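In what follows, a structure is listed as structure tokens, so that the remarks can point back to it.
Number of protein chains: 2
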Amino acid sequence: MQVKDFYKTLEDLGRMVEERQFSQARTLLLDENPVDIAELFEEMPENTLVLLFRLMPKETASEVFSHLDSDVQQRIVEGVTDKELATILDELFFDDTVDFIEEMPANLVKRVLKNTDPTTRRLINQVLKYPEDSAGSLMTLEFMELKKDETVAQAIVDIRRNSLEKETIETCFVTSATRVLEGTVTLQNILTSRDDTTIQEIVDKDIFSVGTTEDQSVVADLFKKYELLSMPVVDSENRLVGVITIDDVLDVIEEENSEDIYIMGAVTPSEDSYLKSSVFELAKHRILWLLVLMISASITGFIIRRFDEVLSSMVLLAAYIPMLMDTGGNAGSQSATMIIRGLALGEIKTRDAFKIIRKEFAISLLVGSVLAMVNLGKLLLLDRVSLMVAVTICISLFCTVIVAKICGGLLPILAEKCKVDPAIMASPLITTIVDAVSLTIYFVLATAILHIGG
Amino acid sequence: MQVKDFYKTLEDLGRMVEERQFSQARTLLLDENPVDIAELFEEMPENTLVLLFRLMPKETASEVFSHLDSDVQQRIVEGVTDKELATILDELFFDDTVDFIEEMPANLVKRVLKNTDPTTRRLINQVLKYPEDSAGSLMTLEFMELKKDETVAQAIVDIRRNSLEKETIETCFVTSATRVLEGTVTLQNILTSRDDTTIQEIVDKDIFSVGTTEDQSVVADLFKKYELLSMPVVDSENRLVGVITIDDVLDVIEEENSEDIYIMGAVTPSEDSYLKSSVFELAKHRILWLLVLMISASITGFIIRRFDEVLSSMVLLAAYIPMLMDTGGNAGSQSATMIIRGLALGEIKTRDAFKIIRKEFAISLLVGSVLAMVNLGKLLLLDRVSLMVAVTICISLFCTVIVAKICGGLLPILAEKCKVDPAIMASPLITTIVDAVSLTIYFVLATAILHIGG
Numbered sequence: 000m001q002v003k004d005f006y007k008t009l010e011d012l013g014r015m016v017e018e019r020q021f022s023q024a025r026t027l028l029l030d031e032n033p034v035d036i037a038e039l040f041e042e043m044p045e046n047t048l049v050l051l052f053r054l055m056p057k058e059t060a061s062e063v064f065s066h067l068d069s070d071v072q073q074r075i076v077e078g079v080t081d082k083e084l085a086t087i088l089d090e091l092f093f094d095d096t097v098d099f100i101e102e103m104p105a106n107l108v109k110r111v112l113k114n115t116d117p118t119t120r121r122l123i124n125q126v127l128k129y130p131e132d133s134a135g136s137l138m139t140l141e142f143m144e145l146k147k148d149e150t151v152a153q154a155i156v157d158i159r160r161n162s163l164e165k166e167t168i169e170t171c172f173v174t175s176a177t178r179v180l181e182g183t184v185t186l187q188n189i190l191t192s193r194d195d196t197t198i199q200e201i202v203d204k205d206i207f208s209v210g211t212t213e214d215q216s217v218v219a220d221l222f223k224k225y226e227l228l229s230m231p232v233v234d235s236e237n238r239l240v241g242v243i244t245i246d247d248v249l250d251v252i253e254e255e256n257s258e259d260i261y262i263m264g265a266v267t268p269s270e271d272s273y274l275k276s277s278v279f280e281l282a283k284h285r286i287l288w289l290l291v292l293m294i295s296a297s298i299t300g301f302i303i304r305r306f307d308e309v310l311s312s313m314v315l316l317a318a319y320i321p322m323l324m325d326t327g328g329n330a331g332s333q334s335a336t337m338i339i340r341g342l343a344l345g346e347i348k349t350r351d352a353f354k355i356i357r358k359e360f361a362i363s364l365l366v367g368s369v370l371a372m373v374n375l376g377k378l379l380l381l382d383r384v385s386l387m388v389a390v391t392i393c394i395s396l397f398c399t400v401i402v403a404k405i406c407g408g409l410l411p412i413l414a415e416k417c418k419v420d421p422a423i424m425a426s427p428l429i430t431t432i433v434d435a436v437s438l439t440i441y442f443v444l445a446t447a448i449l450h451i452g453g
Numbered sequence: 000m001q002v003k004d005f006y007k008t009l010e011d012l013g014r015m016v017e018e019r020q021f022s023q024a025r026t027l028l029l030d031e032n033p034v035d036i037a038e039l040f041e042e043m044p045e046n047t048l049v050l051l052f053r054l055m056p057k058e059t060a061s062e063v064f065s066h067l068d069s070d071v072q073q074r075i076v077e078g079v080t081d082k083e084l085a086t087i088l089d090e091l092f093f094d095d096t097v098d099f100i101e102e103m104p105a106n107l108v109k110r111v112l113k114n115t116d117p118t119t120r121r122l123i124n125q126v127l128k129y130p131e132d133s134a135g136s137l138m139t140l141e142f143m144e145l146k147k148d149e150t151v152a153q154a155i156v157d158i159r160r161n162s163l164e165k166e167t168i169e170t171c172f173v174t175s176a177t178r179v180l181e182g183t184v185t186l187q188n189i190l191t192s193r194d195d196t197t198i199q200e201i202v203d204k205d206i207f208s209v210g211t212t213e214d215q216s217v218v219a220d221l222f223k224k225y226e227l228l229s230m231p232v233v234d235s236e237n238r239l240v241g242v243i244t245i246d247d248v249l250d251v252i253e254e255e256n257s258e259d260i261y262i263m264g265a266v267t268p269s270e271d272s273y274l275k276s277s278v279f280e281l282a283k284h285r286i287l288w289l290l291v292l293m294i295s296a297s298i299t300g301f302i303i304r305r306f307d308e309v310l311s312s313m314v315l316l317a318a319y320i321p322m323l324m325d326t327g328g329n330a331g332s333q334s335a336t337m338i339i340r341g342l343a344l345g346e347i348k349t350r351d352a353f354k355i356i357r358k359e360f361a362i363s364l365l366v367g368s369v370l371a372m373v374n375l376g377k378l379l380l381l382d383r384v385s386l387m388v389a390v391t392i393c394i395s396l397f398c399t400v401i402v403a404k405i406c407g408g409l410l411p412i413l414a415e416k417c418k419v420d421p422a423i424m425a426s427p428l429i430t431t432i433v434d435a436v437s438l439t440i441y442f443v444l445a446t447a448i449l450h451i452g453g
């Protein structure tokens, strides 16, 4: 849906509700995809929203509901009757129900649970016990389970009878009589086997599974590395309790990427979206890093004060401090960015540390020379400083780039080794370190080459 | 597989090949998952690699082959006979074949094409014509196609006969006699319908499809937004030509994330992994940004030179330039990071510009005050500078944070509006802008408050 259409539809719906043209509003609404309807609902005032929600047939209503943000879900739950609530819940996929309940305040959770059937309620309570970012909280209970001693013919009957409530039937999960996971069998394999074959004969035992408490990032890494579409979740006795499907892993991958990007930008990660977070929350996620970095930047101030004699005898030198600091910071964060991303994608391992140092050193020689040469030309031709000053600045620049690139390449690896998130070593921290080093080089060189101060 | 096991297995395999214990090597190798075998192969010398590859049964060999990096694939193709090559190609999924051929040098492409059957060759040539990052180059040709006038019974026979060669059968694609795409039908729906129902009666016509030349990032966004598992690709006459499955979209999403992260770290994005890229290539991807940023950092130098009288009368002021610059840069890049990520995830739209300015302004008041207060304390108690100098520095800091956060919030939105990748507005560029602004504020305030220079 285009942006223009979006606002036009939103406006039309508002007008129709106001003029009580409900059947027209219903037609217009149902013409949209449920995901788009959810997006429209996010922008509506509460009374219009609840009214329109109640106009939709229950299947669509439930699907739209699963795509809504939790604050809008809450407003709807508060606006509908118990009977309507029970109908929505009945149509929702189990994992969507759990996602929704996890975000509701306690009083609404009570009301929601009251309106689900006892079996579902028991299962919900069980799943809610798993830690938030665990495999258990990610899994669905609507998967196709087959017993290992069934025949293909029986399995097909089973599948035809039950498949509509399942999230996926492409892969079926095979268990023993005591529900211990035996392996998987694809629907392709079932459909192409003879009717009297037992599932046991065609089961693939060489599969991946995870425990309920496994961290979701480990799950996502397995999906990516082994190109999985679904993966069984088992309890401590290897009994099958649920299945994670790739669509839920997609969200985890985006979450992990966001987390890395936020940390690299010196923001404490949070799962809430920017527009929905309060000013206070957003400030809270930023202030700590800013304070830490501001205080560590004092080291650079300390270095400058130590060399204030050098600076007083030649104030001109101060004019090149920002360029040196920025270029060093940028050179370092380029290296850090590539290594952090490589580590996240599994393309780089900590065992590659030596290769990285060698590579970054070579790159920094190349890049540093080019930058120093360009800068030398600019200093002599445009700024018209003396040759010795220009040489001091350019050698400092060259050394800074080398130090920056090696720090940038090495610190993320070091963090990974120490089981710290390598993303922390991104630009802000690298910048602070490189600043201190580059200023020291600059002033020491100035003292030596220009015979001033010290 | 653990890192330790990895090296042990690698070593054992090398030793077994050396001692010509081939059957032992084969057993050890086949005990691993094809993805892990591929990883082992990446680390092996060429002769061991080709030898072990030829020991594997053809199904495993093909699967391992599809997981290898293109340089290793090339070494294998060069090391096997035409007959072996034909066997590998025969077992490969069509989209893996295309991926592999796209990376091969021309002479090998010829040899590869010679060893595929004529139909496959024709299809490969057709798909190779699509632009590299297009929907056409991403799609598979191994999908389940049903005709709209088939009955469910016929469809089930079709599926049982052909499903083994298909990448997915969960969703079947329905076409007319002239191959025009009519819609999709899930296997669940087929299996739960009566045998004499025609496909036409149960087809879902309300689906998404893309043209062959559509950009892969658009495809990935559709998959994410509408939680799709597969999507048909059509030609200009709406005839079905292929299907994109979610596993291939996962790679695109990771690619897009990498691209954003690289641009935010001031590295020109590239698809090659760090370790496989040459020093020269890596330097090439970094030098341009470094040059641009170095030259734009000259503006800050220019500002300092303009105010050199202020600085000569109080060299102490120079000591706080790095802290001001760094804190401004960090404050700005925090905001830019959040907005860039929000835009990439679709949580923030350009229409939210006004909300963002208001929010960033409020945040910057809060964060700026805290930073200024902490800094004031530090300046007076630790650095023991005079009150007026401390006040000058803290007011500059406060103003810098405000400017930085508003620039950081607004520039990515501006870029998006101008159809430029917002990631470009991340820390390095923000830093340069904020540096110039913060230094000007600092010197102007110093002149006014401290009555020096100017």
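The listed protein sequences derive, respectively, from chains A and B.
For the first sequence, position 53 (counting from the first letter as 1) is numbered 52 according to numbering that gives the first Met the number 0, and the numbering increases by one without interruption.
For the second sequence, position 31 (counting from the first letter as 1) is numbered 30 according to numbering that gives the first Met the number 0, and the numbering increases by one without interruption.
Ideal placement from N, C-alpha and C gives every residue a C-beta, glycine not left out.
Just so it is clear, the structure is predicted and the values come from calculations on it, not from any experiment.
In the structure shown, what three-state DSSP assignment does residue i receive?
{"i": "F142 (chain B)", "result": "strand"}
{"i": "S229 (chain A)", "result": "strand"}
{"i": "V433 (chain B)", "result": "helix"}
{"i": "D116 (chain B)", "result": "coil"}
{"i": "G182 (chain A)", "result": "strand"}
{"i": "I168 (chain B)", "result": "strand"}
{"i": "S133 (chain A)", "result": "strand"}
{"i": "G408 (chain A)", "result": "helix"}
{"i": "R193 (chain A)", "result": "coil"}
{"i": "E383 (chain B)", "result": "Reading off the sequence, residue 383 (chain B) comes out as Arg, not Glu. Three-state DSSP puts R383 (chain B) in coil, outside helix and strand."}
{"i": "V108 (chain A)", "result": "helix"}
{"i": "V156 (chain B)", "result": "helix"}
{"i": "D234 (chain B)", "result": "coil"}
Residues of chain B with a CB under 9 Å from the CB of residue i: which are they?
{"i": "R121 (chain A)", "result": "Neighbours of R121 (chain A) on chain B: none; closest Cβ ~26 Å, over 9 Å."}
{"i": "I252 (chain A)", "result": "L249, I252, E253 and N256"}
{"i": "S272 (chain A)", "result": "G341, L344, E346 and I347"}
Taking the C-alpha atoms as reference points, what is the distance between residue i and residue j?
{"i": "P427 (chain B)", "j": "S363 (chain A)", "result": "18 Å"}
{"i": "G367 (chain A)", "j": "C398 (chain A)", "result": "8 Å"}
{"i": "L249 (chain A)", "j": "E258 (chain A)", "result": "14 Å"}
{"i": "A409 (chain B)", "j": "I355 (chain B)", "result": "Note on identity: in this sequence residue 409 (chain B) is Leu, with Ala being the wrong assignment. Going from the Cα of L409 (chain B) to the Cα of I355 (chain B) covers about 7 Å."}
{"i": "I87 (chain B)", "j": "S65 (chain B)", "result": "10 Å"}
{"i": "S297 (chain A)", "j": "D420 (chain B)", "result": "34 Å"}
{"i": "A445 (chain A)", "j": "M322 (chain B)", "result": "22 Å"}
{"i": "F93 (chain B)", "j": "D35 (chain B)", "result": "22 Å"}
{"i": "E164 (chain B)", "j": "T267 (chain B)", "result": "40 Å"}
To the nearest whole angstrom, what separates the beta carbons of residue i and residue j, a pair I think is in contact under 8 Å?
{"i": "T361 (chain B)", "j": "I412 (chain B)", "result": "First, the amino acid is wrong: residue 361 (chain B) is Ala here, not Thr. Contact flag wrong, Cβ pair sits at about 17 Å."}
{"i": "A435 (chain B)", "j": "I302 (chain B)", "result": "6 Å"}
{"i": "N374 (chain A)", "j": "M372 (chain B)", "result": "Between M372 (chain B) and N374 (chain A) the Cβ distance is about 39 Å, and since that is not below 8 Å, they are no contact."}
{"i": "G341 (chain A)", "j": "Y6 (chain B)", "result": "19 Å between Cβ atoms; not a contact."}
{"i": "I123 (chain B)", "j": "T96 (chain B)", "result": "7 Å"}
Starting from residue i, find everything on chain B with Cβ-Cβ shorter than 7 Å and list it in chain order.
{"i": "A330 (chain A)", "result": "L289"}
{"i": "V369 (chain A)", "result": "I286"}
{"i": "N256 (chain A)", "result": "N256"}
{"i": "R427 (chain A)", "result": "According to the sequence as given, residue 427 (chain A) is Pro; it is not Arg. Here the neighbours are N329."}
Name the chain A residues whose beta carbon is nearer than 8 Å to that of residue i?
{"i": "K165 (chain B)", "result": "Q187"}
At a CB-CB cut-off below 8 Å, which residues of chain B make contact with residue i?
{"i": "N374 (chain A)", "result": "M293"}
For a cutoff of 8 Å on Cβ pairs, would you count residue i as touching chain D?
{"i": "E226 (chain B)", "result": "In summary, chain D is missing from the structure at hand, where the protein chains are A and B."}
Using the beta-carbon of each residue, which ones in chain A are nearer than 9 Å to residue i?
{"i": "T299 (chain B)", "result": "A318, I320, P321, M322 and D325"}
Name the chain A residues that come within less than 7 Å of residue i, Cβ to Cβ?
{"i": "R304 (chain B)", "result": "A318"}
Residues of the segment 3-33 of chain A with Cβ closer than 7 Å to any Cβ of chain B, in chain order: Residues N32.
At a CB distance below 7 Å, what residues from the segment 190-215 of chain B approach chain A? Give them in sequence order. Listed in sequence order: L190 and T191.
Chain B contacts from the segment 351-365 of chain A (Cβ-Cβ distance under 7 Å): The residues in question are D351, K354, K358, A361, I362 and L365.
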